[in-house]
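Participant: Residue numbers (the numbering used here): 144 to 655. Using N, Cα and C, we set each Cβ at its ideal position, and we do this for glycine too.
#1: For a test of the three-state rule: what should DSSP assign to residue 379, helix, strand or coil?
#2: Please give the ranges of any alpha helix (DSSP H) in the segment 395-452, keeping only runs that are unbroken, at least 4 residues long and fully inside the region.
#3: Taking 8 Å as the cut-off, does the segment 385-396 touch the segment 270-290 (at least 3 CB pairs, one atom from each stretch)?
#4: Taking the beta strand (DSSP E) that residue 481 belongs to, which residues open and close that run?
#5: Check each candidate in 262, 250 and 306 and name the one with the smallest Cα separation from residue 554.
#6: Are the segment 338-348 and the segment 587-603 touching, with three or more C-beta to C-beta distances below 8 Å?
#7: Quick one: what's residue 313 bridged to in DSSP?
#8: May I ask which residues mark the beginning and end of the alpha helix (DSSP H) holding residue 611?
#9: Evaluate residue 607 with the Cβ neighbour count: other Cβ atoms within 10 Å of its Cβ, from every protein chain shown; 16 or more gives buried, anything less gives exposed.
#10: Suppose you measure from the CA of residue 462 to the CA of residue 475; what does that come to, to the nearest Å?
#11: So what does residue 351 bridge to, in DSSP terms?
#12: Measuring CB to CB, does residue 402 end up less than 8 Å from residue 387?
#13: List the whole-angstrom C-beta distance separating residue 239 from residue 250, where the pair is believed to meet the contact cut-off of C-beta under 8 Å.
#14: Would you check if there are 3 or more beta carbon pairs closer than 8 Å linking the segment 574-585 to the segment 596-606?
#15: Could you pull out every residue in the same chain whose Cβ sits closer than 6 Å to the Cβ of residue 417, ignoring the five residues on either side in sequence?
#16: Assign residue 178 to one of two classes, buried (16 or more other C-beta atoms within 10 Å of its C-beta) or exposed (fewer than that).
#17: Can you tell me where the alpha helix (DSSP H) with residue 554 in it begins and where it stops?
#18: Where do the ends of the beta strand (DSSP E) carrying residue 575 lie?
#19: Using a Cβ-Cβ cut-off of 6 Å (strictly less than) and excluding sequence neighbours within five positions of residue 520, which residues of its own chain qualify?
#20: Could you tell me if residue 537 is buried or exposed, where buried requires 16 or more neighbouring beta carbons within 10 angstroms of its beta carbon?
#21: With a cut-off of 8 Å on the beta carbons, I'd call residue 637 and residue 529 a contact; round off their distance for me.
#22: Looking only at its own chain, which residues have a Cβ that is under 6 Å from the Cβ of residue 334, when we skip the five neighbours before and after it?
#23: Can you give the beta carbon distance from residue 622 to residue 601, rounded, assuming they're within the 8 Å contact cut?
#24: What's the C-alpha gap between residue 410 and residue 253?
#25: Inspect the beta-carbon positions of residue 343 and residue 166 and report whether they are closer than 8 Å.
#26: Helix, strand or coil, according to DSSP, for residue 561 in the structure here?
#27: Is the segment 305-319 touching the segment 423-439, taking contact as three or more C-beta pairs under 8 Å?
#28: Under the assumption that residue 488 contacts residue 318 (Cβ atoms under 8 Å), give the Cβ distance between them as a whole number of angstroms.
#29: Apart from the five residues on each side of it in sequence, which residues of its chain come closer than 7 Å, Cβ to Cβ, to residue 457?
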């Protein structure tokens with residue numbers, strides 16, 4: 144990026160200022176401010192060694208809404224033992240104390256740096272796009288939404304954004320990757336996606352799940368551009384969060400640094416033990432990838448942004464001795480995982496497939512192992528969620544939360560919108576294109592109405608199952624694949640798991 148452009152845009156507030164301001168802080172009183180200044184310095188160093196920041200906006204005693212994570216106190220940004228309100232009060236006391244001792248330029252710089260440290264993504268929008276090397280016309284055309292009053296609702300939206308279909312692996316069961324032009328989302332389509340969220344006043348919060356292909360192949364500049372568009376275009380008061388699914392096979396250091404600076408949670412695809420992983424997830428040149436992925440996980444963990452792994456359960460993994468499976472994952476440094484049953488193409492029903500009964504049996508064996516071996520310290524997303532559902536407690540897991548139509552959309556590189564990314568290949572789940580329809584239009588479309596009618600019929604069929612009130616019919620994608628394969632029973636497939644929980648609880652009561 145152009146250093147002269149940055150220096151002109153940033154009005155001469157140099158990178159030496161964070162250190163000089165930090166030196167004025169009182170160690171016993173200003174710990175929160177010191178942490179935020181450190182974060183701002185890290186961000187500026189990342190953007191350009193020696194980078195500076197533009198002048199502050201209007202001074203305020205309140206921190207701006209943050210883009211990049213939900214509104215919660217971050218433990219790393221407050222002294223041990225204090226809560227979020229206390230941290231904010233301490234920070235504002237520091238700001239008032241410093242203002243009485245700083246020249247006006249220094250005071251404005253301090254506020255601007257605190258803004259950057261507390262809300263790096265929203266602070267990012269204050270830096271002109273050309274200064275970040277973002278030269279696509281879509282960035283020049285990005286203007287914030289006008290303020291039109293408070294939101295009309297408190298709705299949330301999850302967008303699984305297929306930012307690229309390019310990939311450096313060739314997994315045996317995957318139908319997502321593509322080569323060639325037209326398979327990477329342009330800045331214009333990214334901007335349109337964000338604008339569609341911003342213009343919908345019923346959406347108070349949106350979560351962007353960066354998906355592929357392999358999202359890290361976008362490169363740091365394009366990833367930074369997507370974050371800049373979110374910060375630039377979001378409606379005032381909207382909260383945006385970001386997470387990413389990566390194969391971690393060739394993570395650039397700067398990608399890891401970017402995700403750390405902007406508070407991403409990063410989930411990694413890892414298919415169990417080395418032998419199986421290297422058969423199922425080979426590189427584009429046919430080589431093994433396990434060691435590279437484990438190295439990537441270690442780097443993400445060191446950066447504090449590793450959220451766990453996702454494992455696609457193929458028949459080979461389902462047949463693997465369960466204690467060896469978990470033991471080898473733990474030995475590799477993995478202590479949390481989600482397990483996804485391998486599923487075929489959503490258009491034809493053809494491809495690798497693990498029947499629901501086999502997946503339930505796999506989960507039961509996994510549950511029994513972890514119940515008797517707590518020393519393994521291994522958490523399984525599906526087991527935690529299913530056990531909560533069995534107890535009629537909130538699961539925090541979309542597949543067990545019931546109606547999801549209109550709350551989850553998969554966005555293709557060309558702007559095509561589907562109900563969830565799992566339905567790639569299903570023509571009935573393609574609901575239009577962002578270039579032609581808003582999210583409100585899509586929710587009100589004939590295609591969405593047809594999907595809701597199909598869901599109503601599915602629920603009516605499954606309600607006769609004794610466990611329907613717990614699983615809520617499981618994921619609609621499961622029923623869709625079952626129908627393609629002629630498997631339309633009156634259970635989604637999870638009843639054996641709930642039966643097992645009940646049998647164990649009964650046995651424990653009788654033996655007490």
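Facilitator: On the basis of the supplied data:
#1: coil
#2: 396-404, 417-423 and 433-446
#3: no
#4: 479-484
#5: 306
#6: no
#7: 425
#8: 611-614
#9: exposed
#10: The straight-line gap separating the alpha-carbon atoms of residue 462 and residue 475 is approximately 20 Å.
#11: 302 and 385
#12: yes
#13: Rounded, the Cβ-Cβ distance is 10 Å, inconsistent with contact.
#14: no
#15: Sequence-distant partners of residue 417 (beyond 5 residues in either direction) whose C-beta falls short of 6 Å from its own C-beta, in its chain, are 433.
#16: buried
#17: For residue 554, there is no enclosing alpha helix (DSSP H); the enclosing beta strand (DSSP E) has its first and last residue at 551-554.
#18: Start and end: 573-576.
#19: Answer for residue 520: 478, listed in chain order.
#20: exposed
#21: 7 Å
#22: 281, 285 and 372
#23: In this structure residue 622 is in contact with residue 601, their Cβ atoms being roughly 5 Å apart against a cut-off of 8 Å.
#24: Approximately 35 Å, taken between the alpha carbons.
#25: no
#26: strand
#27: yes
#28: 5 Å
#29: Correct list, in chain order: 316, 423, 485, 495 and 497.
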